[in-house]
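Enquirer: According to my numbering, the sequence shown is numbered sequentially starting from 10. Positions of the beta carbon are idealized from the N, C-alpha and C atoms, including for glycine.
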Amino acid sequence: MRELRSRVHQEVSKVVMGQTPALDALLAAVAVGGHVLLEGVPGTAKTLLANAFAKAVGLDFARAQFTPDMLPSDLTGTMTLRGGDLVFRPGPVFSNVLLADEINRTPPKTQSALLEAMAENQVSVDGTTHELPSPFMVVATQNPIEYEGTYPLPEAQLDRFLMKIEVGYPEADQELAMLRMSRDGVRPTAIDDVAPVTGADELLAMREQVSSLRIEDEVLDYLSKVVAATRSQPSVELGASPRAAVHLLAASRAIAAMAGRDYVTPDDVSRMARPVLNHRILIRPEAEIERYTPADAITASLRSVVVPR
Ligand SMILES: Nc1ncnc2c1ncn2[C@@H]1O[C@H](COP(=O)(O)OP(=O)(O)OP(=O)(O)O)[C@@H](O)[C@H]1O
Ligand SMILES: [Mg+2]
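As structure tokens, this is what we get:
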């Protein structure tokens, strides 16, 4: 997977400067069948990255802009009349990579239609169940600063995302490199040059390889203690769920594979703890006022557990 990673990175870097952690998260997610939430202010290449990633891994891509008036059927599809027959017209969820842009701008009913599709890899419309393609992966984006007119995802729904990645501003030299890129007006022309360097078959084979990666009992025990520690931090209202533990294991396997190893180290676990757990931990209001964050709680949890040697 290490070699595949470098192929994908090289291809995506034709249009996106930097944003390596976000790209690795997308790769890890596709390697374990997970979904990613990208959080960042406007104009930080979230959409561009998701698009370039889908092209580079040779998967088809659909984008749905989540708006306040969006209906579940705008996502899943509808029954329509064609030549006198009722036929199913699939919505944008029927793609390998679905970019759910500004997921927190749509009311709960549509959000949960998406989260149901994510959890079950199928949707039902008018009583008929339709399988989603494989791989199927949601890349959702949300803007952290606008609260007005938004519907924050409930904890139970956030828990379904493998990772939440904060997409920030590029480094100064990356921003300069971005400005030097050739453009057609404001559109980067290189997006047309991004070509597939892999495909669904190789990705699914990689998924099998990642799932079978070795993990020693000591490392597994470490992982489970770290997750449990988030639940007993004094400033934490809601700690990481058992689902979070499963996701942390999967993500740790994925980065071990990306590093070219066939075993998971405690370091893999501690590196993935933040992106995998940060969106699932709820801080007590009194600690939040003191600016204590989920990241602080994760750091404290990691410190409280002895790292196996
Ligand atoms: N790291 C970057 N590398 C290359 N181009 C970038 C980078 N960051 C921003 N850009 C430029 O900014 C444009 C806007 O990016 P994009 O539309 O992907 O942002 P976004 O994060 O999806 O914003 P929004 O939250 O408003 O949807 C891109 O088309 C690209 O030209
Ligand atoms: Mg966007």
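With H, G and I counted as helix, E and B as strand and the rest as coil, what does DSSP make of L257?
Expert: helix
Enquirer: Pick out whichever of D193, V245, V148, V41 has its Cα sitting closest to the Cα of A296.
Expert: V245
Enquirer: Please confirm whether any heavy atom of ligand 1 lies closer than 7 Å to the CB of N113.
Expert: no
Enquirer: Express the C-alpha separation of H256 and I292 in angstroms, rounding to a whole number.
Expert: 21 Å
Enquirer: Do I264 and P30 count as a contact pair if the criterion is CB distance below 8 Å?
Expert: no
Enquirer: Counting only the same chain and skipping the five closest in sequence on each side, list residues whose C-beta sits under 6 Å from that of L124.
Expert: Q166, R169
Enquirer: Quick test of your reading: R14 and M267, contact by CB under 8 Å. State the CB separation rounded to the nearest angstrom.
Expert: 5 Å
Enquirer: Alpha carbons only, please: which of A238, P142, R192 is nearest the one belonging to D210?
Expert: Taking only the C-alpha atoms, the option nearest D210 is P142.
Enquirer: Out of curiosity, what's the CA-to-CA distance linking K64 and A54?
Expert: 15 Å
Enquirer: Just to confirm, are N130 and L162 a CB contact at a threshold of 8 Å?
Expert: no
Enquirer: Among the candidates T138, E111, M127, M172, whose CA atom is the shortest distance from the CA of E157?
Expert: E111
Enquirer: Let me know the alpha helix (DSSP H) ranges lying completely inside the region 85–134, each 4 residues or longer, listed in chain order.
Expert: If we require 4 residues or more, the alpha helix (DSSP H) runs fully inside the region 85–134 come out as 117–129.
Enquirer: Using a Cβ-based criterion (distance less than 7 Å to any ligand heavy atom), does D271 qualify as near ligand 2?
Expert: Remark: the shortest separation between the CB of D271 and any heavy atom of ligand 2 does not fall under 7 Å.
Enquirer: Roughly how many angstroms separate the alpha carbons of L84 and L213, rounded to a whole number?
Expert: 25 Å
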